[in-house]
Every structure is written in C-alpha cells, then in structure tokens.
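Take a look at the structure below.
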Amino acid sequence: MASTSEQSESKTLKTFTLAEVAGKNKEEACLIVIHDKVYDVKSFLDEHPGGEEVLLEQAGKVATEAFEDVGHSTDARDLMKTYLVGEITEEEKQRTKEKLLKWTKDPVPESGWKQWLLPMAVAIVGSLLFRLYASRHEAN
1 MASTSEQSES KTLKTFTLAE VAGKNKEEAC LIVIHDKVYD VKSFLDEHPG GEEVLLEQAG
61 KVATEAFEDV GHSTDARDLM KTYLVGEITE EEKQRTKEKL LKWTKDPVPE SGWKQWLLPM
121 AVAIVGSLLF RLYASRHEAN
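Laid out in structure tokens, this is it:
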C-alpha cells in the first residue's frame, strides 16, 4: 500500500498530454517523460553529468528508452523526484505501454539445440575430411 506522502504527491501532480509536453517552450521549461512521469529538468541542465545536450535532445519527448539504455544509478533515480512535475494522461500511458510491448516482443532467435546442429555437423564433417586427407597423405 502506498504511503500517505506518496498518495498526496500523486494527487497534486499535474496531468499532461504528450502534445503539451512536446509544446512546452524550452525557455520556460524542459519537459521529458520517463516511465509515464513528466519531469522539468531545465534547472538541472547545467548539472547533468552527460551534458545539457543529452537532456535537450530528449526535451518534449518520451525518454524512457534513452534513460534506461544509459543505466542510471540509484542516486540518479532518487534525484529525479526533485524534478517531477506531473504524469501523462491515462490514455497516453496505455499508448506508450503498447509501443513498449511492440519493442519487447521482437522475435528472439531460438536458443535450443537446433541452433547448434548445423555448426556441429560442419565441424564433424570437417574433422572427418581432415583425418581422411591426413591418413592418405601419410600413406604416400
């Protein structure tokens, strides 16, 4: 169960559409969306260890994939709470989840014994041919 501070925090958060996030002027705010939460990182631009360009590149966008690809520390994730200003609408949360599911459901190569069958057959045939060649060469 969520604590009362978490409950009150979620009640006071503003709800944004992705269009609102994208439309915010970079002079007044620098909004990014990570895991359906909206962060205004304008005051963090100069402090970001990767440089402000990294954040500006993601401004107005859903940056979840870029954020996770970097592998941020626990401290960085805790620091994010400072810049939390809202969350995206429920309808758009569903859309981003659908996109995420499409990304994660890409076909993955089968990892069973079948993937080793052809290389093993080639190795066995190659080994037999080498032995045959070597035994004939010794006989001459």
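Numbering (UniProt numbering), first residue to last: 1 to 140.
The beta carbon of each residue, even a glycine, is placed where N, CA and C say it ideally should be.
- Look at the UniProt domain "Cytochrome b5 heme-binding" (13–89) and you find these whole runs of beta strand (DSSP E), each 3 residues long or longer: 14–16, 31–34, 37–40 and 84–88.
- Excluding sequence positions up to five before and after Lys37, its CB lies within less than 7 Å of the CB of Leu84 and Glu87, all in the same chain and listed in chain order.
- By the C-beta density criterion, Val125 is exposed, having fewer than 16 other C-beta atoms within 10 angstroms.
- Remark: C-beta atoms of Lys42 and Glu28 approach each other more closely than 9 Å.
- Put simply, the stretch 63–73 does not touch the stretch 117–135. Fewer than three CB pairs are less than 8 Å apart.
- Nearest neighbour of Asp40 by Cα position, chosen from Lys14, Leu129, Phe130 and Glu65, turns out to be Lys14.
- Note on Glu92: 16 or more other CB atoms within 10 angstroms of its CB, so buried under the neighbour-count rule.
- A direct Cα-Cα distance of roughly 14 Å separates Asp78 from Phe44.
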